[in-house]
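Note sheet for the following structure.
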Amino acid sequence: MNVPFVDLKAQYLKLKSEIDPAIQSVINETAFIGGKYVEGFEKAYAEKYDVKHCISCANGTDAIYITLKALGIGPGDEVITVAN
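Residues 5 to 88 (the numbering used here) are what the sequence shown spells out, left to right.
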């Protein structure tokens, strides 16, 4: 028996009418980095979680780097985290 861990296609099909026009708009405006869509996401995320700031990142490594810098953690400081 093959049970999919996450059925991304089913999730996509439920939201297709919202996702496709949004992606096409980004492509048409060539707004791949920054811009009004990122600004809108960051604002909505900050409001949803009642925080002052939200900085979107390309990946988890960037998020960790920004967080460490914001906290003043640098060379010589000890950071303990999970192995994976």
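Glycine is no exception: its CB is placed at the ideal position from the N, C-alpha and C atoms. Since we're looking at a predicted model, the values are computed, not measured.
Alpha-carbon to alpha-carbon, residue j and residue i
i          : j          : result
residue 65 : residue 7  : 31 angstroms
residue 9  : residue 16 : 15 angstroms
residue 70 : residue 61 : 9 angstroms
residue 13 : residue 80 : 46 angstroms
residue 82 : residue 88 : 17 angstroms
residue 19 : residue 43 : 22 angstroms
residue 72 : residue 27 : 32 angstroms
Neighbourhood of residue i by C-beta, 8 angstroms cutoff - its chain only, sequence neighbours within 5 removed
i          : result
residue 39 : 33
residue 50 : 56, 57, 58
Residue i: first and last residue of the uninterrupted alpha helix (DSSP H) it sits in
i          : result
residue 37 : Note, residue 37: premise wrong, no alpha helix (DSSP H); not H, not E.
residue 70 : 64-74
7 angstroms Cβ shell around residue i - same chain, five flanking residues per side excluded
i          : result
residue 41 : 30, 35
Residue of the options minimising C-alpha distance to residue i
i          : options        : result
residue 85 : 74, 78, 45, 68 : 68
Does the structure place the stretch 10-25 close enough to the stretch 33-41 that three or more beta carbon pairs sit under 8 angstroms? no
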